[in-house]
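Asker: Read in order, the letters of the sequence shown correspond to residues 541 to 586 in this note's numbering.
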Amino acid sequence: MSTNNDVPDVTIRPWRIEDFDAVKAILDDTFAGTWLPELTPEAARA
């Protein structure tokens, strides 16, 4: 339960197969915005 009235409560549940596309999109976006810019050209080719 959130104690801050400006932040809604969040329920976390196990993923389901019907979540696959949304979860993959989030992971792809996160990778592209965080790890990919840090890869050296050699690592990106591997």
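Built from N, CA and C at the ideal position, the CB exists for glycine as well.
Fair warning: this is a prediction, and the values are worked out from it, not measured in the lab.
Counting along the chain, where does the alpha helix (DSSP H) carrying Arg585 start and finish?
Answerer: As a first step, residue 585 is located in the sequence shown; it is residue number 45 there, counting from the start. Looking at the DSSP string, the run of the alpha helix (DSSP H) that includes Arg585 is Pro581 to Arg585.
Asker: Express the C-alpha separation of Ala572 and Ala583 in angstroms, rounding to a whole number.
Answerer: On the sequence shown, position 43 is the one that residue 583 refers to. On the sequence shown, position 32 is the one that residue 572 refers to. Rounded to whole angstroms, Ala583 to Ala572 spans 14 angstroms at the Cα level.
Asker: My output table needs one value for Ile566: the three-state DSSP class, helix, strand or coil.
Answerer: Within the sequence shown, residue 566 is the residue found at index 26, counting from 1. Note: Ile566 maps to helix in three-state DSSP.
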